[in-house]
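J.: Under our numbering, the first residue of the sequence shown is numbered 258, with each subsequent residue one higher.
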Amino acid sequence: MSDAPPFPPPTAAQLLTPADVLQEVTRRHAQDRVAWHGVVWSRLGRGDHAWAWWDRVDAPELQPWLAAERGRVVRELGLHAEAERLDLAGFEAATDPVDRAMLGIGLTADAVGQGRVGDAQARLEEVREGLGRLREGPRGDRQRIRLSWVEAEVAWMTGRDVDVTSLPHREPSGRLVSLLAYQHGTTFHRAKGLLFGGIASDDDWLLQSAAGIAPPVLLWAVLLARADRGVGGQLAEAANAWRQVVSPPGYEDAVAATPVARRLAAVRTSD
Numbered sequence: 258m259s260d261a262p263p264f265p266p267p268t269a270a271q272l273l274t275p276a277d278v279l280q281e282v283t284r285r286h287a288q289d290r291v292a293w294h295g296v297v298w299s300r301l302g303r304g305d306h307a308w309a310w311w312d313r314v315d316a317p318e319l320q321p322w323l324a325a326e327r328g329r330v331v332r333e334l335g336l337h338a339e340a341e342r343l344d345l346a347g348f349e350a351a352t353d354p355v356d357r358a359m360l361g362i363g364l365t366a367d368a369v370g371q372g373r374v375g376d377a378q379a380r381l382e383e384v385r386e387g388l389g390r391l392r393e394g395p396r397g398d399r400q401r402i403r404l405s406w407v408e409a410e411v412a413w414m415t416g417r418d419v420d421v422t423s424l425p426h427r428e429p430s431g432r433l434v435s436l437l438a439y440q441h442g443t444t445f446h447r448a449k450g451l452l453f454g455g456i457a458s459d460d461d462w463l464l465q466s467a468a469g470i471a472p473p474v475l476l477w478a479v480l481l482a483r484a485d486r487g488v489g490g491q492l493a494e495a496a497n498a499w500r501q502v503v504s505p506p507g508y509e510d511a512v513a514a515t516p517v518a519r520r521l522a523a524v525r526t527s528d
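1. Indicate whether Trp293 and Ala270 have their beta-carbon atoms separated by less than 9 Å.
2. Could you check which residue in Glu428, Met414, Gly394 has the C-alpha nearest to that of Gly372?
3. Less than 9 Å between the C-beta atoms of Val384 and Ala358, yes or no?
4. How would you call Gln491, buried or exposed, if buried means at least 16 neighbouring beta carbons within 10 angstroms?
5. I'd like to know whether the C-beta atoms of Val474 and Val369 end up nearer to each other than 9 Å.
6. If I follow the unbroken alpha helix (DSSP H) through Leu481, where does it start and stop?
7. Tell me which residues share the same chain as Pro262 and place their Cβ nearer than 7 Å to its Cβ, disregarding the 5 neighbours each side in the sequence.
8. To test your reading of the DSSP string, which unbroken alpha helix (DSSP H) runs of 4 or more residues are found completely within the region 304–328?
9. Note the first and the last residue of the continuous alpha helix (DSSP H) segment covering Gln378.
10. When the Cα atoms are used, what is the spatial distance from Thr274 to His426?
11. Starting from Pro267 and walking both ways along the alpha helix (DSSP H), at which residues does that stretch end?
12. Could you say which of His446, Ser458, Leu436, Arg401 lies nearest to Pro429 if we only look at CA atoms?
13. Specify, as a first and last residue, the run of the alpha helix (DSSP H) that Phe453 falls within.
14. Check each candidate in Glu494, Ala366, Leu521 and name the one with the smallest Cα separation from Arg342.
15. Who does Val503 pair with in a DSSP beta bridge?
16. Give me the Cα-Cα distance between Tyr508 and Leu476, rounded to the nearest whole angstrom.
17. Can you check which of these residues, His441, Thr352, Ile362, Leu391, is closest to Ala340 by C-alpha distance?
18. Helix or strand or just coil, what does DSSP make of His426?
19. Does the contact criterion of 3 or more C-beta pairs under 8 Å hold for the region 400–410 versus the region 441–450?
20. For the alpha helix (DSSP H) containing Val524, name the first residue and the last one.
21. My understanding is that Ala379 touches Asp356, with C-beta atoms under 8 Å, so please give their C-beta distance in whole angstroms.
22. In terms of DSSP beta bridges, what is Val434 paired with?
Take a look at the structure:
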């Protein structure tokens, strides 16, 4: 086997790896640790390093999970059809119920990104049923967090109001309400929850809070959301943040052709 890619920074690994995984990182398979190195790099916006670690995992039972992780990365970069191809392959091979829920949520988001309302609604219902059968625990709770995000996306695409109580939000008193499930999430989950909550509540305080903790893979999206609300200087900051993200190998040209990439590439930024 060739030399290993670089390890993610220890501080990032602690922030971006769930506590239950840190306690027992090889709970399913000895190669879990290798896979998690890739997950951390993916959330640091380094698709090249993430793919390098994931390519070292040859355990068949871990491939559906890694298909979901690869799908997430390319979907976050705007390649929804490519993400769907990865998610579908993973879903067909998955036997672990949490992996199936993870992939089902990804497939719902893939349909949203491609504007397929009927598929998005049908997949969302299937995911809800599957999650309802999962026993309580950290792995399932992280998928329930992700479910609230895709529920918001489907609501937006169908013109319905988003249930902000399923997302981090502020009460009229100004007190931040975070859901119990987020105790099993990471900095990434909390930042993305604040992003969705801020958009759904039209609350820039939540978006600003998200920007303060967002890892590189998500920071550009938070800043772009603030820019679209008219907050000054955020578009240039979003463009700077986007330029720090490295696409996975083989996807560079496709990512550069996405609407977001073209929009941010046209923004003049400071070094």
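Built from N, CA and C at the ideal position, the CB exists for glycine as well.
T.: In brief:
1. For the pair Trp293 and Ala270, the CB atoms are nearer than the 9 Å cut-off.
2. Nearest option by C-alpha distance: Met414.
3. In contact: Val384 and Ala358 (Cβ atoms closer than 9 Å).
4. Around the beta carbon of Gln491, a 10 Å sphere encloses 16 or more other beta carbons of the protein chains shown; the residue is thus reported as buried.
5. No, the Cβ-Cβ distance between Val474 and Val369 is not below 9 Å.
6. In the DSSP assignment, Leu481 falls within the unbroken alpha helix (DSSP H) covering 473–485.
7. Answer for Pro262: His306, Ala309, Trp310, listed in chain order.
8. Within the region 304–328, the complete alpha helix (DSSP H) runs of at least 4 residues are 304–311.
9. In the DSSP assignment, Gln378 falls within the unbroken alpha helix (DSSP H) covering 374–389.
10. Their Cα atoms are separated by approximately 24 Å.
11. Segment 267–273, the alpha helix (DSSP H) holding Pro267.
12. When only C-alpha atoms are compared, the closest one is Ser458.
13. From DSSP, the alpha helix (DSSP H) with Phe453 extends over 444–458.
14. Taking only the C-alpha atoms, the option nearest Arg342 is Ala366.
15. For Val503, which the question treats as bridged, DSSP gives the partners Arg303.
16. So the two alpha carbons sit approximately 20 Å from each other.
17. Of the residues His441, Thr352, Ile362, Leu391, the one whose Cα lies closest to the Cα of Ala340 is Ile362.
18. DSSP places His426 in strand when its eight states are reduced to three.
19. Yes, they touch.
20. Segment: none, Val524 is in no alpha helix (DSSP H) and carries neither H nor E.
21. About 20 Å; that fails the 8 Å criterion.
22. Its beta-bridge partners are His426.
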